[in-house]
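First residue of the sequence shown? That's 1 in UniProt numbering, and the numbers climb one at a time after it.
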Amino acid sequence: MLPVDERGSDGGGRQSSGGAAPVLGSGERAHNFAFDCVAGGVAGLVADLMMHPLDTIKARLQAQVSMRYVAGGREGASEYRPRPYRGVWDCALRVYREQGMRRGLYAGLSAVLLGSVPASALTFGSYKLIKSVLPGEEAWMGGGGSAWWRDLAAASVADVAALVTYVPAEVVAKRLQVAGMGPARDYTSPLQALRVIARTEGIWRGVYAGTGATLLRDVPFTALQFAFFEQLKALLGPSAWTPDGLLLCGLAAGAGAGAATTPLDVVKTRLQTQPTGADRPYTGVWQCLRTIAAQEGPQALFKGIGPRILWVAPASAITLSVYESAIQLLQPRRYERVVEAQVIEVVPDAR
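Encoded structure:
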């Protein structure tokens, strides 16, 4: 979940006159960018540490059909017939019993952290920085709240910038998370996995596999998440800016956006975990989407929707609340301006 809007001042702390929102100077923008990156990185770290087991379960549920296909179609692997997981709890129990916590449910965590922490830092920092320089920023910050298209534009650009580190880390993490589900999928470490993938599959088709699907998933997710989040804040009013209110808005927005974009998440996982060589079942995003729907039915596109929502919704709520707490700790005056700008007009005695 990305951060809420805020008011600011110029480099000397000057407030703009006439009731308009203050304007951030370049010095304060750079200062805030650094703190946003730190707070965003911490938020991403906490969310990943808490939610990674559910992401592992989701990856296995989404990848298991392709594993059965690989098992039946690859020469020398005809005896490999993994029993499909019957659901979230069955998957969680089997992974824990067969591989344990660290090598099972938390498989690929180090790869995720190496990519997602800097990506989360860059996303938060870029998002806030871009919004602070968008044309017309002062007008909508002065009392009307953020327009949804500005949230979408800023978050989309920030997401694209973060993909440079995020996609390779997620590819490695997904390979480690589905280890044991098929042949030639066991790696000794994230670094070894990255080297093997780069050497045998190449940079674009291997290390950056699923980049198109990731973009197609994340941009709609960002749009829906922010649209839901802003509407929920408007419905809740001043109570939305309490810790419980922010958690509730983030939870609901993440759940709605996560459910709607599950098909693209399934496609991304299939592209990132499919076998190497000429027998790849999928050649691209749209071909993968059509193949899954035709061979497995439309319902297969929503495979793993339960653990996805269970992961995305709390992760959105956790990320937002941790970011806000970090900013409140690192920049208390800035945080107070955020709250006052959004609440004081409705509740005059809130100070």
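C-beta atoms are modelled at their ideal positions from N, C-alpha and C, and glycine is treated no differently.
Given a threshold of 16 other Cβ atoms within 10 Å of its Cβ, counted over all protein chains shown, does residue i qualify as buried or as exposed?
i    : result
P53  : buried
I318 : buried
W204 : exposed
D151 : buried
V178 : buried
G73  : Confidence at G73 is low in this model, with a pLDDT of 48, below 50, so the placement of that residue is unreliable and no value is reported for it.
E98  : exposed
T200 : exposed
Q287 : exposed
T242 : exposed
R308 : buried
A111 : buried
W149 : exposed
Q62  : buried
From the DSSP output, in three-state form, read off residue i for me.
i    : result
R308 : helix
K303 : coil
S189 : coil
Q287 : helix
G258 : helix
Q231 : helix
A77  : Unreliable placement is indicated for A77, whose pLDDT of 41 sits below 50; the coordinate value is still reported in the next sentence. Correct three-state label for A77: coil.
A209 : coil
T56  : helix
D279 : coil
T319 : helix
Q331 : coil
R86  : coil
P135 : coil
V167 : helix
Y106 : coil
Would you report the Cα separation of residue i and residue j, rounded to the nearest angstrom?
i    : j    : result
Q192 : A198 : 10 Å
A252 : A326 : 22 Å
T222 : A162 : 13 Å
T283 : Q295 : 15 Å
K303 : E340 : 43 Å
A213 : V267 : 7 Å
V38  : G115 : 15 Å
F33  : R217 : 26 Å
Y208 : Y166 : 9 Å
A121 : V133 : 19 Å
A255 : H31  : 33 Å
P314 : A43  : 12 Å
L232 : T188 : 45 Å
R29  : L264 : 35 Å
P190 : E170 : 10 Å
Cα-Cα, which of the options is closest to residue i?
i    : options                   : result
E324 : P314, Y335 and S316       : Y335
A155 : Y282, F124, A209 and K174 : F124
R86  : R60, M51, R97 and L109    : R60
R270 : A47, P135, K131 and G206  : G206
L215 : Y96, Y127 and T261        : T261
R175 : E230, V160 and V196       : V196
K58  : V88, R94 and Y96          : V88
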